[in-house]
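Going by the UniProt record's numbering, the first residue of the sequence shown is number 1, and it counts up by one from there. The structure appears right after this line, and notes come after that.
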Amino acid sequence: MAVQLSGQWLPNFPTVSGKFSQTQTKPKHPFSTTTLSATASLSSPPPTIQIVGGKAPSLYVDESLNSFGSRVEDDWVDLDTDLYHWTKVLRPVQWYPGHIAKTEKELKEQLKLMDVVIEVRDARIPMSTSHPQMDAWLGNRKRILVLNREDMISTADRNAWAAYYARQGTKVVFSNGQHGMGTMKLSRLAKALAAGVNVKRRAKGLLPRPVRAGIVGYPNVGKSSLINRLLKRRMCPAAPRPGVTRELKWVRFGKDLELLDSPGIIPMRISDQSAAIKLAICDDIGERSYDFSDVAAILVQILTRLPSVGIEALHKRYKIDADGHHGRIFVHKLALQLFNGDDNQAAFRVLTDFRKGKFGWIALERPPR
Ligand SMILES: Nc1nc2c(ncn2[C@@H]2O[C@H](COP(=O)(O)OP(=O)(O)O)[C@@H](O)[C@H]2O)c(=O)[nH]1
Ligand SMILES: [Mg+2]
């Protein structure tokens, strides 16, 4: 039985959706700000929940409180409300290269052949890399959610997401497509989930066949890398930019698993511009679809608000004061300081610094309450 996951941060915010293979049918209760902390809920997960990979959550630090003693979740809600207003006035970001429409069509066909679907998301932005139509395409198909790029978020981020999905009864694997962490667990889980296929075949007197797992998700989240790490060979082209995988491709892992690598899919129209900007910040959509200065300005404003970064870290790196509202001025000052007044270059520097972890490894999204 599958459960519809949903959560709202903002009136227009996309539903955190995904029907994942699970046995728990009760919808989540709202995140109780008084009784439930991220760490507490993980320490006693319901028996059906499987959290695979990632570091064990700390049992001693109440990560639901910030340094001022107020709720971290409240800060995130405030930030997202501001993000909505900041992005609403910008030129909309849209990215839909020609091959995606073709992929979508082919993928829907291939889905019929899959025993289990592995949906990969960017751990920095699990909500913004959730395709709004994925539920409809997958129906009751068995699913595993992968939060890849686990090395690019903090332990607190990971704990928050692990606790969130644990409450949903969602199987989630944290992985690192560059170094291969989580990939063996992923293959084990896929085989275990699809074991029923061969039980049925045997009952019919048929020989067992390899389990077919399709890897799907947004562009550049690490789908091909995960397959390559699992196979320990470069079978699928992977590169640090979106739109590299253009074809669907089945590859064999051992004698009992077949994996389908697919090009990233993304909605034709990204209706949520907060999500679009986060995709741009994380380099998950093509560079030509957005204005570097717009995106870097928003990033600066976000960074000033994240407790682990803040105005101090920005000042330390660039020797410029940020105030949380005038990211553009910040970028322009950096341009004057280092790039002969070229805002574009300054913006690119800020974006690259974030992507390289120069402000620490941090997620840009926390679970909804
Ligand atoms: N830091 C980090 N980089 C990753 C991870 N997984 C993939 N990458 C890098 O992200 C880029 C995109 O990966 P790719 O597999 O081509 O993504 P795909 O478009 O989803 O197939 C490549 O440069 C990878 O080396 C990860 O877990 N951590
Ligand atoms: Mg790829």
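Where a beta carbon is used, it is the ideal one built from N, C-alpha and C, also for glycine.
For S225, DSSP records no beta bridge to any residue.
Beta-bridge annotation (DSSP): D261 is paired with I215 and K249. In this structure, the C-beta of K102 stays at least 7 angstroms away from each heavy atom of ligand 2. R91 and G254 have their C-alpha atoms spaced approximately 48 angstroms apart. With respect to the C-alpha of V116, the residue from D75, R143, Q110 and K105 having the closest C-alpha is R143. In this structure, P97 has its CB at a distance of at least 7 angstroms from all heavy atoms of ligand 1.
Non-local C-beta neighbours of R201 in its own chain, meaning closer than 8 angstroms and more than five positions away in sequence, comprise L207, P208 and R209, ordered along the chain.
Under the 10 Å beta carbon count, Q337 is surrounded by fewer than 16 other beta carbons and is classified as exposed. Collapsing the DSSP output to three states places N148 in a strand. Classified as exposed, T352 has fewer than 16 neighbouring CB atoms from the shown chains inside 10 Å of its CB. In this model, N344 and L303 are separated by some 19 angstroms (Cα to Cα). In the structure shown, the three-state DSSP call for F174 is strand. Placement of the Cβ of M152 at a distance of less than 7 angstroms from at least one heavy atom of ligand 1 is found.
The secondary-structure analysis by DSSP pairs I118 across a beta bridge with I144 and I215.
Taking non-hydrogen atoms of ligand 1 into account, the C-beta of Q178 is found less than 7 angstroms away from one of them.
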